[in-house]
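**Q** Structure in structure tokens, see below.
In this note's numbering, the protein residues as written are 9 to 288.
In structure tokens form, the structure reads like this:
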């Protein structure tokens, strides 16, 4: 049902600002890139997938690279600064959660653990390291870590993703304290179940996309653009109230969490008990 009364609207002006978004070729990252570009920012998208980035809208520049490699992260920051004269916003978003990671910790291979740490944790560190050097020179900037509801509470079968997302939250808290007096804000955003290709494919394989959506009060999954709106707010002067802390962006299945604490994203009593994969 459409509202019959004005709902209010907010717009953000990012003209003259420069943003770097990792994992920006698809999912939430793409939504963030598009929202920042639409608000006037110069946007650099760092992603390993050149094919997915082929149809990025005008105004979003693509840099191919793997965030688990520090040299690629340093290069992406340097290219953004060289092209546009500075860096105002860093969005750490690139993350992976392969199907083979849905196991118990005693079944998790060392290779997969190291790859997930490399992308989901070290990647955030490497990008922040080089972005913060530039932001310190400017005495201004905003760093936003995309975390997850799984960083606050997890489920069975996710021995790597949940703990790493908790670390992403703590990264933002620590950096927020460290760089506050350099005019730099650092925060984290924790989305719940967002309708991205990765999430929908996994849920459909479990027979549970519609069931999970129905457990949200609005009866649907969140959209990438809705998370992007939260990022726009946090990156703006209106977001000054959020500093060094975590922002729960919604789309969690709150009532389900109260009922079934051990499986917060379970889709039915007889479905495989796995958590929803990352929506980034």
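Even for Gly, the Cβ is constructed at its ideal location relative to N, Cα and C.
When the Cα atoms are used, what is the spatial distance from residue 240 to residue 20?
**A** Answer to the nearest angstrom: the Cα atoms are 7 Å apart.
**Q** Candidates 153, 172 and 154: which alpha carbon is nearest residue 162's?
**A** Taking only the C-alpha atoms, the option nearest residue 162 is 172.
**Q** If contacts are defined as beta-carbon pairs under 8 Å, then residue 53 and residue 68 qualify, I think. What distance do you get, rounded to the angstrom?
**A** Sure, about 5 Å apart at Cβ, within 8 Å.
**Q** Consult DSSP for residue 36 and reduce its assignment to one of helix, strand or coil.
**A** Residue 36 falls in the helix class under three-state DSSP.
**Q** How many Å lie between residue 138 and residue 155 at the Cα?
**A** Approximately 20 Å between the Cα atoms of the pair.
**Q** Are there three or more Cβ pairs, one per stretch, closer than 8 Å when the region 127-144 is compared with the region 12-26?
**A** With the cut-off at 8 Å, the region 127-144 and the region 12-26 do not touch.
**Q** Does residue 233 come out as helix, strand or coil in the three-state DSSP assignment?
**A** Here residue 233 sits in helix by DSSP.
**Q** Name the two residues that bound the continuous beta strand (DSSP E) containing residue 68.
**A** Residue 68 -> beta strand (DSSP E) spans 68-72.
**Q** Under a three-way DSSP split, which group does residue 16 fall into?
**A** DSSP places residue 16 in coil when its eight states are reduced to three.
**Q** Considering only their Cβ atoms, is the gap separating residue 205 from residue 34 smaller than 8 Å?
**A** Yes, Cβ-Cβ distance for residue 34 and residue 205 is below 8 Å.
**Q** Identify which residue in 28, 112 and 62 has its Cα closest to the Cα of residue 50.
**A** Nearest of 28, 112 and 62 to residue 50, Cα basis: 28.
**Q** Got a sec? Which residues, its chain only, sit under 6 Å from residue 191 by beta carbon, not counting five neighbours each side?
**A** Answer for residue 191: 147 and 148, listed in chain order.
**Q** Please state whether DSSP places residue 55 in a helix, a strand or coil.
**A** DSSP places residue 55 in strand when its eight states are reduced to three.
**Q** Taking the CB atoms as reference points, tell me whether residue 159 and residue 180 lie closer together than 8 Å.
**A** No.
**Q** For the candidate residues 168, 244 and 202, whose alpha-carbon lies nearest to that of residue 106?
**A** Of the candidates 168, 244 and 202, the one whose C-alpha sits nearest the C-alpha of residue 106 is 168.
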